[in-house]
Amino acid sequence: MSHADTHDLIVTTGVTKTYQDNGVPVHAVRGIDLTIRCGEFTAIVGPSGSGKTTILNIISGLDTVTSGEVWLAGKQLSAMSGTELSDFRRDRVGFIFQAYNLIPVLTVEENVEYIMLLQGVSKQERHDRVDKILGELGLAGFAHRLPTKLSGGQQQRVAIARAMVSGPAIILADEPTANLDSKTGAELLDMMRTLNENSGITFLFSTHDTQIMERARRLITLRDGVIHSDEVRG
Amino acid sequence: MLTMTIAWRNIFRQKRRTTLTILTLLGGFTLSAISIGWSDGTYNRIIEMFTRNRLGHIQIHAAGYLDRPSLYRNITNGAELGSRIEDIPEVEAWTPRLFSAALASVAEKTSGVQIVGINPEREARATRFDRKIIDGRSLSAEAAHETVIGRGLARTLKAGCGDEIVVVSQGADGSIANDLYTIVGILESGDAIQDQASLYLHLADAQELLVLAGAVHELVVIASSLEDVAQATEAIQSRLNEPNLEVAPWQEFARPFYVAMKADQQGSWIGLFIIVLIVSIGVLNTILMTVLERTREYGVLKAVGTRPGQVFRLVLYEVWIMSIVGVTIGAGISLIINYTLSIHGIVMPQAFTYGGMEFTHYYAEVNARSILIPAVTVILSAVLVSILPALRAARVAPARALRTH
Ligand SMILES: Nc1ncnc2c1ncn2[C@@H]1O[C@H](COP(=O)(O)OP(=O)(O)OP(=O)(O)O)[C@@H](O)[C@H]1O
Ligand SMILES: [Mg+2]
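So the sequences go chain by chain: L and A. The first sequence begins at 16 in our numbering and counts up by one. The second sequence begins at 82 in our numbering and counts up by one.
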């Protein structure tokens, strides 16, 4: 099977998800077979309600499937317990959210440090990594600020730093630029792509902004919960 | 860990709400601490008056005397026993007594009396005998056929200082005992019923009258404080170690009084329970609101790999911190108030009598109990009511929490 291939980071087979909306079944995702390989920079696009958030949540273990299987970094998600999943996300998955979702009471530095603290990384190591990543993302002077004192673009860069710093296998981003103006959004995407090229870290993000999809190297289009097209570009 | 940092900073986010919660905790604690300090103060005062002024903290009798007092159940080596226990650190004083029923007459009037043979010097030191004299003086140090009688008895006999009183009783040898004494003082013990009958003689005079040379019925022991009574009792027991003696603390020899005190104190637990209830509802309200508001944040924390247990602790830490702050400030306030009330007291709107004694002031007591009991109950109830909201936070489904905007 293809999921045995070490270069396949994500493999989904026949994934479906049916929500119950007041007793009415909503088929959010209806049979998705998808393989994401290490180092990809892939966008999931599609109209509102096509199932982008649903499939990203399923891949990260935040949501469960109705049927089908998901392997992430060689692990079958449905075989893991709650705590295992939570530790798995901590160590292998980085998240970037549409609404930034930084911890409001923690400074930039502490937000970035948070996951490493959960992992038990030593203090020296944490500081070195935080300094390095904040520098790379142009946030060097903001380490001690609270998120609320930053612009949206800056907050999202902190979120990228937080997602990257613990060295995850993949970064999942659900509409990371939707709350930003198009110029800032494009800059952010360029930054993500640079990080992808330099560090080889895999990015999988969703968007419905055409300007943003331009920057993806692989474009998966969803329509009504199924893959409508899957194209690899330059 | 960072969870603690987040909890700490979280409590500053809703300053008004946090302040109100801490005030609730603080108020609940302080009310409980004062009410316990106050009730302890009042009860201990009643107990202290009841015991120290009259009955003593500990009594030593011949075995069986407490159950069935009798002229013949006496101790013949009272002075020697006394000297054996007087260097126990918790023993402050001791005094011997000899009892007998008798008839007393002054001129035409006659009344039944209880003879109490005492050692005036020891009695003064142990139970402040001399200070209860409201007219005349106390008995002389040496036996001189003098007597001090209770105020009620003086009224019944229409007698006063200087009058002669005839006392008739039965001697231990079966003979009719009678003798003539001079009233030198009138006494008010605080217990009006007792004052109707008490007739105090010098121990030597009483022993002579009753033909009980060298014998006493009771050794009254005063401990250095109420709290030391148990320890003093034990020390005396092991020091004397005689099977024909009974060493009883006040809880035993004044059992009905002790039971009544206990029952009365139960009432204060209801007050404590109501306070705990109010605190619990206040805290529950705050924590529920907080948890509902932060559902999304808990979702984020869980999404990035925070374990459910860590989210649970995050919520409880917040409650814990607020409780500690409330209790610490409350302890300071309570100590100051209880201390002030223990010195100055509060005048009662209406003086009341208990066991024949009059009380005019409330006094609080400063003790560990009045701080520890409220501290434990307040913190425990705050933490307990927070368990459900904390579980709720720990169980937040990140996917759903993140979808809500
Ligand atoms: N918890 C839920 N209960 C019921 N229906 C749900 C739930 N979550 C999602 N859905 C439905 O599932 C379908 C797919 O939703 P999803 O959020 O994955 O779409 P999306 O592509 O991310 O859309 P958008 O671009 O608006 O974010 C939608 O019809 C949505 O209403
Ligand atoms: Mg979506």
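Note that beta-carbon positions come from the ideal geometry of N, C-alpha and C, so glycine has one too.
Of all Cβ atoms in chain A, is any one closer than 8 Å to the Cβ of residue i?
{"i": "L/E125", "result": "yes"}
{"i": "L/G153", "result": "no"}
{"i": "L/Y34", "result": "no"}
{"i": "L/F110", "result": "yes"}
{"i": "L/G97", "result": "yes"}
{"i": "L/N116", "result": "yes"}
{"i": "L/H18", "result": "Low per-residue confidence applies at L/H18: pLDDT is 41, beneath 50, and the placement is therefore not dependable, though the value from the model is reported in the following sentence. Output row for L/H18: interface = no."}
Whose Cβ in chain L lies nearer than 8 Å to the Cβ of residue i?
{"i": "A/M82", "result": "L132"}
{"i": "A/E173", "result": "Within 8 Å Cβ-Cβ: nothing; A/E173 doesn't reach chain L, min ~59 Å."}
{"i": "A/E315", "result": "Those within 8 Å of A/E315 in chain L number zero; the least Cβ separation is about 54 Å."}
Between residue i and ligand 1, is the CB less than 7 Å from at least one heavy atom?
{"i": "L/R105", "result": "no"}
{"i": "A/T409", "result": "no"}
{"i": "L/V41", "result": "yes"}
{"i": "L/D36", "result": "yes"}
{"i": "L/R160", "result": "no"}
{"i": "L/S75", "result": "no"}
{"i": "L/S137", "result": "no"}
{"i": "L/S82", "result": "no"}
{"i": "L/H223", "result": "yes"}
{"i": "A/R484", "result": "yes"}
{"i": "A/S404", "result": "no"}
{"i": "L/G46", "result": "no"}
{"i": "A/R481", "result": "yes"}
{"i": "L/S63", "result": "yes"}
Taking Cβ positions only, does residue i come closer than 8 Å to chain L?
{"i": "A/T367", "result": "no"}
{"i": "A/A384", "result": "yes"}
{"i": "A/V381", "result": "yes"}
{"i": "A/T387", "result": "yes"}
{"i": "A/A475", "result": "no"}
{"i": "A/Q353", "result": "In the sequence as presented, Gln is not what sits at residue 353 of chain A; that position holds Leu. No, its Cβ sits nowhere closer than 8 Å to a Cβ of chain L."}
{"i": "A/G436", "result": "The predicted model places A/G436 with a pLDDT of 48, which falls under 50 and marks its position as unreliable; any figure quoted below should be read in that light. Chain L, which has no Cβ nearer than 8 Å to the Cβ of A/G436, makes this no."}
{"i": "A/A471", "result": "no"}
{"i": "A/E374", "result": "no"}
{"i": "A/E399", "result": "no"}
{"i": "A/E446", "result": "no"}
{"i": "A/E333", "result": "no"}
{"i": "A/E129", "result": "no"}
{"i": "A/R98", "result": "no"}
Cβ of residue i within 7 Å of any heavy atom in ligand 2?
{"i": "L/T236", "result": "no"}
{"i": "L/D78", "result": "no"}
{"i": "L/T68", "result": "yes"}
{"i": "L/D189", "result": "yes"}
Which residues in chain A have a C-beta closer than 7 Å to the C-beta of residue i? List them in chain order.
{"i": "L/V120", "result": "I87, R90, N91 and R94"}
{"i": "L/N37", "result": "Simply none; closest approach about 15 Å."}
Taking Cβ-Cβ distances shorter than 8 Å, what residues in chain A pair up with residue i?
{"i": "L/S101", "result": "K383, G386, T387, R388 and P389"}
{"i": "L/R104", "result": "A384, V385 and G386"}
For residue i, return the contacting residues in chain L, with the cut-off set at a CB-CB distance below 7 Å.
{"i": "A/I483", "result": "Looking at the sequence provided, one finds Leu at residue 483 of chain A rather than Ile. In chain order: F112."}
{"i": "A/P479", "result": "L77"}
{"i": "A/E308", "result": "Under the 7 Å cutoff, chain L gives no residues; its nearest Cβ is about 47 Å from A/E308."}
Name, please, each residue of chain A whose Cβ falls closer than 9 Å to the Cβ of residue i.
{"i": "L/T163", "result": "Neighbours of L/T163 on chain A: none; closest Cβ ~11 Å, over 9 Å."}
May I ask whether a heavy atom of ligand 4 can be found less than 7 Å away from the beta carbon of residue i?
{"i": "A/M403", "result": "Annotation note on ligand 4: not contained in the displayed structure, which lists ligand 1 and ligand 2 as its ligands."}
*Give, in chain order, every residue of the segment 71-86 of chain L whose Cβ lies closer than 8 Å to some Cβ of chain A.*
N72, S75, L77 and D78
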